[in-house]
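First the structure, in the form of structure tokens, and then the observations on it.
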DNA sequence: AAGCAGACTATTTTT
DNA sequence: TAGTCTGCTT
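Numbering (the UniProt record's numbering), first residue to last: 1 to 803.
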């Protein structure tokens, strides 16, 4: 929860702030150069653990202290609120309250601020809603349905992804339509156009719009651009490798690349990033931006930070070895002067259950030996569903833990329902939110009634809300009286709530009123589903969040010493719009346990943290367990066939390894249950890429004669693979207690030769093109004609027969 | 309009 | 396995 409120934190009281000399003294030469560089665009290539944040914050402090820059001239952009908060805090510790006049924010909140201020220019109201991916998907579903798009052929999700990609590339609907080359793209363009119309009539922007619309604003209105250009003379961007094309363009537009007609020089630009840690390509991030920085910004200067202050040399060497396998990368080798440290510990378990037991046992003995507190330990996995086994085992053993990520607070249904109510109160045109709550809780307004009202709204060219009002006055044709009555009740309810909202009722009281008067809480309380009990708790939590929000902002506002900068574009502190903005733009309510032993009374040892590798980016732990290193799990199955995706998986592995400070564990399981059925996976190729002398294998795969040895992943073929599936084993033959060899019995289900014809349950008829490997590693590449060429493992019960 | 049973489908996710 | 969606019944 704390990320909601830690943005404008006051700096800790300091007797004396560091003087200028101190600002540079404890920096290495490269860091120092990055801090003091003046003039042209600067790219700081900051390897993992190389003191990136330190460089950024010192640079800002140095600008203020040494170069006479006013804080108001500084714009620092990050990707997460957490990063923004940390930067603000650390700068404040160096320079004090002057830090409050800087813009330190995420791309998105920066854009919201600009858009609120300039909303009129774009023909929007400044009370616009911000749609997240869930709202977006809902609206796209509605649009697709209205346009008769076959949901079987093109799922809303697919459409949403494509539209998002277009926006990330700054392609508007017209351009999308003209460039559409196939049926899918034509449909997407069609939906895109209508979707934008609906967004704008709902007075809403989606996440991608926040960026894209700000770019068009700056490009279409030079005077607006000039205002910001004049104002921000220093633009700093963190995690530059994660920027997409739209964000890149935004940075360019903001900083400028040449002097304006009115003689304003480009702002001084400083970007920091590491191409090797780019793990968000699937969301549009382009590694190109950092790779081509020097081309994009002539006379740019580049500084490489390679000295690492986090990990042992063993860990760094492992990381270097893995990432070195990625093609076309700028050479970079992390090093440290703090010694080799412990060897990496490797472990091969029979199944996922045993892997978790190994991890738990190891954590226990580390704790017992006093070599680590629980809070020093993190367990990483590739996908969220892998957390379950760990939870089971940890609970059984009484090991305190916390899972980070998964379904987040603000994504829970009940919370979103309440937010939808609030949004409607702030912006009645917000049709997506309005339709969400129309019949929640159930009040007798069904699909049919909703459709009739929607049609009426469409025909009369009025908003859905106005159409509901028409329903009250019996002006909607085809609406049956029962529904009209139900709608009347709903409209009356909303009117009352709106009255409360506009008369300045505080957000938490408003929430309480919604919970009571809608009967939402009552419904949950009456239910005997245990899930509903936790929903009630979440709602109570939400009210608490709202109350703290009000109190916190009141505190900040009343602090006379605080140099609060309230430009246009910032909603009144504590107000409903302010709350909604915070909620929309802060995703992670679940906090990551703090390393200092953390939560209340855990005996000081804290808790073990469990999370995906993606979530782990930017964090560090003394002890790290990298689990599930199996081909098909990590790297993920969907990445196996595509070199670009495989390279991203490798960067992910690199990120995972470099989170560790002192001890690194890597493990894999021979079988793993997924979707109910146990699955066999070969070793991750990344394990083979670890230098063997750095790894102490505690347990290896039992080798049987003729079955090949562990680690010889022969399948490094780069041949075309449309898809890869792994054989299923019958569930009866696997149990954690069964002796080892047993798992291999009758594993070769099919003996195939080139030219054989086969029939596969999923892919149909095919011809064997090639065969590879023996025993459990036996695979065949099969041409299934229209279903493509597929490489299959022949172990276990392959759903395939030889003809 | 609402509730239930069977079908379907499964990454990662800073905002 | 589990959560969501669809279509059928009441």
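Quick reminder that beta carbons are idealized off the backbone N, C-alpha and C, glycines included.
Separation of residue j from residue i, as counted between CA atoms
i           : j           : result
residue 803 : residue 771 : 17 Å
residue 476 : residue 220 : 41 Å
residue 526 : residue 533 : 9 Å
residue 260 : residue 230 : 10 Å
residue 252 : residue 393 : 50 Å
residue 265 : residue 227 : 13 Å
residue 384 : residue 529 : 25 Å
residue 335 : residue 345 : 20 Å
residue 488 : residue 472 : 5 Å
residue 697 : residue 347 : 6 Å
residue 74  : residue 211 : 19 Å
residue 91  : residue 639 : 40 Å
residue 718 : residue 643 : Confidence at residue 718 is low in this model, with a pLDDT of 24, below 50, so the placement of that residue should be treated as unreliable; the coordinate-derived value is given next. Cα to Cα, the separation comes out at about 9 Å.
residue 608 : residue 694 : 25 Å
residue 549 : residue 573 : 9 Å
residue 402 : residue 668 : 22 Å
residue 180 : residue 186 : 5 Å
residue 68  : residue 177 : 50 Å
residue 143 : residue 156 : 9 Å
residue 683 : residue 784 : 27 Å
residue 515 : residue 535 : 12 Å
residue 730 : residue 679 : Only weak support exists for where residue 730 lies, its pLDDT of 24 falling under 50; the coordinates are left without a value.
Beta-carbon gap between residue i and residue j smaller than 8 Å
i           : j           : result
residue 232 : residue 267 : yes
residue 147 : residue 188 : no
residue 583 : residue 303 : no
residue 139 : residue 195 : yes
residue 420 : residue 330 : no
residue 508 : residue 461 : no
residue 445 : residue 486 : yes
residue 208 : residue 199 : no
residue 382 : residue 620 : no
residue 170 : residue 93  : no
Of the listed residues the options, nearest to residue i (C-alpha basis)
i           : options               : result
residue 76  : 93, 68 and 99         : 99
residue 215 : 338, 516, 249 and 122 : 249
residue 191 : 137, 636 and 523      : 137
residue 368 : 143, 440 and 605      : 605
residue 183 : 616, 211, 149 and 679 : 149
residue 400 : 378, 382 and 418      : 378
residue 256 : 240, 283, 239 and 298 : 298
residue 654 : 322, 576 and 474      : 322
residue 341 : 317, 784, 328 and 613 : 317
residue 271 : 258, 241, 282 and 685 : 241
Opening and closing residue of the beta strand (DSSP E) in which residue i lies
i           : result
residue 351 : 344-351
residue 402 : 401-403
residue 205 : 204-206
residue 268 : 268-273
residue 105 : 103-106
residue 87  : That residue, residue 87, is in no beta strand (DSSP E); its alpha helix (DSSP H) goes 81-95.
residue 70  : Per DSSP, residue 70 belongs to no beta strand (DSSP E) and is neither H nor E.
residue 699 : 695-699
residue 46  : 42-46
residue 131 : 129-131
residue 611 : 608-612
Bridge partner(s) assigned by DSSP for residue i
i           : result
residue 678 : 673
residue 667 : 347
residue 625 : 379 and 665
residue 757 : 767
residue 335 : 307
residue 237 : 77 and 271
residue 632 : 636
Element boundaries [alpha helix (DSSP H), containing residue i]
i           : result
residue 229 : 222-231
residue 314 : 313-323
residue 453 : 447-460
residue 124 : Premise fails: residue 124 is in no alpha helix (DSSP H) and is neither H nor E.
residue 415 : 413-426
residue 188 : 183-201
residue 436 : 431-437
Proximity test, residue i beta-carbon vs the ligand FAD heavy atom, cut-off 7 Å
i           : result
residue 419 : Because no ligand of any kind appears in the structure shown, any question about the ligand FAD cannot be addressed here.
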